[in-house]
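In order, the protein sequence lines correspond to chains A and B.
For the first sequence, the residue numbers in our numbering are 39 to 478.
For the second sequence, the residue numbers in our numbering are 39 to 478.
Note that beta-carbon positions come from the ideal geometry of N, C-alpha and C, so glycine has one too.
Owing to the predicted nature of the structure, the values given are computational and were not obtained by experimental measurement.
Working notes, structure below.
There are 2 protein chains.
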Amino acid sequence: MRIAVIGGGAAGIGAAGAAKGVDPDADVVVYTADTDVAYSPCGIPYVHGKEIDSFDRLFLATKEQYVATGIDVRYETTVDAIDPRSRTLAVAGEGEASYDRLVIASGWNYAAVDVPGADLDGIYEVKYIREAMEWDKRLDSCQSAVVVDAGLVAMEMVAALCHRGIKCIVVDPAPWPMADVLDPDIVEPVRQAWEDAGVDMQWGNRVTAFRGDGSVSRVETQQGDIESDIVIVGTHKVPNNPLAAAAGLELGSTGGLTVDSRMQTSDPNIYAAGDCTEIPHGVSDIPIQGLTGSHAYAQGKTAGTNAAGGTRHYRPVFVPWGLLAGEWMIGGVSFGETLATALGIQHVVGKAQGITRARYYPGVRPITVKLLAEPGSLRLIGAQMIGGEGIKERADFLAMAVRVGLTVEELATMENVYSPAIGALNEPISVAAQNLLAGL
Amino acid sequence: MRIAVIGGGAAGIGAAGAAKGVDPDADVVVYTADTDVAYSPCGIPYVHGKEIDSFDRLFLATKEQYVATGIDVRYETTVDAIDPRSRTLAVAGEGEASYDRLVIASGWNYAAVDVPGADLDGIYEVKYIREAMEWDKRLDSCQSAVVVDAGLVAMEMVAALCHRGIKCIVVDPAPWPMADVLDPDIVEPVRQAWEDAGVDMQWGNRVTAFRGDGSVSRVETQQGDIESDIVIVGTHKVPNNPLAAAAGLELGSTGGLTVDSRMQTSDPNIYAAGDCTEIPHGVSDIPIQGLTGSHAYAQGKTAGTNAAGGTRHYRPVFVPWGLLAGEWMIGGVSFGETLATALGIQHVVGKAQGITRARYYPGVRPITVKLLAEPGSLRLIGAQMIGGEGIKERADFLAMAVRVGLTVEELATMENVYSPAIGALNEPISVAAQNLLAGL
């Protein structure tokens, strides 16, 4: 049994490990265009921001450790084509390679900034660790940076650039950061923190060209020109599927590979996992893509298990997410008011501001929770949060609450830990639910 | 309508506020033997430990603010008797006071250390803020302290005493700290931290007498004498119900007042809330007492609402709890292996050690989660945790999971936030559930 994996990110490595776990005798080969596997790209912005002292810390395992697991990783190796009929790959520099089962984990790219000058040097897509190491040196002598679109990576990179004293200019056609998933009232403290840090926020503005002599030095926008040493691309993720498309595999409305619950594509010998796929949203049933490393890893394990002859299913997603943006943690589950409204999903809302520890305990931080419920049934369908701590754990809880259909009444009567150093008398999730009920 | 409340803790104040909310015209009178209401007794150990710089921080509101709410609080006022037939109270110094509805929120006491010398000076029961202010001065000149029983307050006080450089000797007949609710593997890091801090832990030992000339100076135990400047009582809570017992109200097996879901006692005009009551455990149906301030407050709101003519129900409890013990947070839900075994409750167990952030992110801490499930159905019935952060939020989640009957399969496939600064790739709750399934 020969199992080929295209991609060495969380999905690809998860798939390779799971396949080897199910069938230790299988030949498992991972092709990656990257120089490394088993590092955490999600940590890159925090090294730039000097919260983490070295890129070396982001590596999870050495290449030798991978060899020891019996997984054959081909670094800096590009797959040029998939032939599903002959079950072969065209591998650059190696020629034809056959497979019995294939897992595509080809990941994502930043949505292109489709303007003149997009090929100039000095435009940084935060993604690969070796490139990040080079960019980090360059940031030392950088005075100013334009961040194009305030998506997820921008939330982290603006904080990082501010830490380093680099003047930030955010240019985004949307009206506030991460406008596709975050409600404006929730993200307001982050916007305020950026303003306090001197970030020049140009909402409702759009880049029209990058200019410079070899390297970018000026960003032209609809509202005027901006001198800038570098550009950070913060656009949303798009599935990286030219190979799959050329092979005739079915892609969905998002450009992601369509898969069943076993992560099997339209070809029974080919599985897919991670950001190159699309997955149904558990509430709206709409296919979505661009999830997290945790999702990619779980999908990879599912794909790899099934590719090797085992059985594992992946469920629709409710998407708990969160991140640190400067001093604030923000996060959510499923959708907020903005997205629910855009999707035409009826909802009622309850909101509460609380605190994370006893009011008098050192380190206490504010936390705001907003809950969305289905009218009538009052089942939870989404949440948005901002606070100083405890966002990840609450998002995990609320994602499960949405999945199993908990109602606002149930959340309103939840028990909560009260102990001065770790939790306040009133849990803001419960108070938001009580407020929702009171407002009906 | 005249509503009397006996007790000015979280339950009594919650009841008074809720009653006034339902019926603003009601006369609401709170009798408290204490000098103050509206402070957080739970914060006292952390002021002793100097994490909080002043006892003044623990006050939530001034006496004037209470007057403004229309609640008549009688401080340092003892109720000597309840006559349910005439609906009157015998109030020390005031004579007879009538009521239409009564809420008993008379709280708890430390279980008596029933040995000779228990009335000596120098034996500290951590409970009242004015007393704590005096004790805090005394701790400045204190060299050593014997902690009798390593219950909840001991978990916090040992850390506080260590912070202040006071030699601690723990004498407890149990084999480890909080042995009634915590499993030994879970509490081990705390025990180790105490050992590292030089705490003299005498498990399986029992105090036989306190000796001294007016003030305690020596503690006699089954295993020998200990010289000590003060004694901290860390015994478990017992309901404070001599008044209710004398009035003929029904008490349960724990000594707590039996109440229905409206917090009504055996007398239809009398409600009760907080540590003087007992509440059915949601899994075992066994009545339990000695819950948290959050429980007391919610019960008080229920009792006060119903006393004033409203309708509010309180549910069986699943008891999420947690606290900070030095550098560790410990907590749980429902029961652990030790208590489940003692109660004869069949269970299967899964455990995982994880981390709270990405391995490379500053402030990352270990976290251990142990889950107990019912054999067969695999419904979650309890949890135990120790870690550096995120214990409170996980306990809240798992308490709801037990309440609504989530299974280990559901937890094994939960989604989780992954973002380096706030959450690791793998959520330990999920891994513990996966490990439980793998071990079946």
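Between the alpha carbons of GLY369(A) and ASN344(A) lies a gap of roughly 32 Å.
A residue is called buried when at least 16 other Cβ atoms come within 10 angstroms of its Cβ; HIS333(A) meets this threshold and is buried. Boundaries of the alpha helix (DSSP H) around LEU436(A): 429-442. When the beta-carbon positions are compared, ALA341(B) and MET367(B) stay at least 8 Å from each other.
Of the candidates SER182(B), ILE324(B) and CYS314(B), SER182(B) places its Cα closest to the Cα of VAL257(B). The beta-carbon of LEU140(B) is placed no less than 8 Å from the nearest beta-carbon of chain A.
Inclusion of VAL371(A) and PRO358(A) in the CB contact set at 8 Å is warranted, their separation being smaller than that value. Beta-bridge partners assigned by DSSP to TYR309(A): VAL141(A) and GLN302(A). Against chain B, a Cβ distance below 9 Å from GLU448(A) picks out MET438, ARG441 and VAL442. The three-state reading of DSSP puts PRO404(A) in strand, counting E and B together.
In the structure shown, TRP146(B) falls within a strand segment according to DSSP collapsed to helix, strand and coil. When Cβ pairs closer than 8 Å are counted between the two stretches, the stretch 456-471 of chain B is seen to touch the stretch 386-401 of chain B, the count reaching three or more. The beta-carbon separation of THR115(B) and ALA71(B), rounded to 7 Å, stays under the 8 Å limit for a contact. Selection ASP434(B), GLU365(B) and GLY133(B) evaluated against GLY426(B) yields GLU365(B) as nearest (Cα-Cα). Residue state for GLN240(B) is assigned as strand, using DSSP reduced to three classes. In terms of beta-carbon proximity, ALA396(A) lines the interface with chain B, with at least one pair separated by less than 8 Å.
Residue burial is scored here from C-beta neighbours: ARG123(A) has fewer than 16 other C-beta atoms within 10 angstroms and is therefore classed as exposed. Apart from the 5 residues on each side of it in sequence, ILE308(A) sits with its Cβ closer than 6 Å to the Cβ of LEU140 in its chain, given in chain order.
With a cutoff of 8 Å on beta-carbon distance, SER253(B) and GLU265(B) are scored as not near each other. HIS86(A) is positioned such that its CB atom lies closer than 8 Å to that of LEU177(A). Under the 8 Å criterion on CB atoms, CYS80(A) is classed as interfacial with respect to chain B. Listed in chain order, the non-local C-beta contacts of PRO83(B) below 8 Å within the same chain comprise VAL164, VAL191, GLU194, MET195, ALA197 and ALA198, local neighbours out to five positions each way being set aside.
Using a 10 angstroms sphere on the CB of VAL105(B), the tally of other CB atoms stays under 16, which defines it as exposed.
One finds nothing in chain A with a Cβ atom closer than 9 Å to the Cβ of GLU288(B); even the nearest lies about 25 Å away.
The beta carbon of LYS389(B) sits closer than 6 Å to the beta carbons of LYS408 and ALA470 from its chain, once the five residues preceding and following it are set aside; these are given in chain order. Rounded to the nearest angstrom, the gap between the Cα atoms of THR126(B) and ILE41(B) is 11 Å. When Cβ-Cβ separations below 8 Å define contact, ASP267(A) makes no contact with chain B. Closest option to VAL276(B), judged by alpha-carbon separation, among PRO62(B), ALA336(B), GLN327(B) and TRP241(B): GLN327(B). By the neighbour-count criterion, in which 16 or more other beta carbons inside 10 Å mark a residue as buried, PRO215(A) falls on the buried side. The beta carbon of LYS430(A) sits closer than 8 Å to some beta carbon of chain B. For the stretch 302-327 of chain B, the set of residues with a beta-carbon nearer than 7 Å to any beta-carbon of chain A is empty. When DSSP reads this structure, PHE97(B) sits in a beta bridge with TYR77(B). If you keep only unbroken alpha helix (DSSP H) runs of at least 4 residues inside the stretch 183-229 of chain A, you get 190-201. CA-to-CA, the gap between GLU89(B) and GLU102(A) works out to about 46 Å. In terms of Cβ geometry, ALA143(B) and GLY294(B) do not form a close pair [threshold 8 Å]. Annotation for VAL402(A): ILE393, THR394, ARG395 and ALA396 place their beta carbon closer than 7 Å to its own, counting only its chain and skipping 5 residues before and after.
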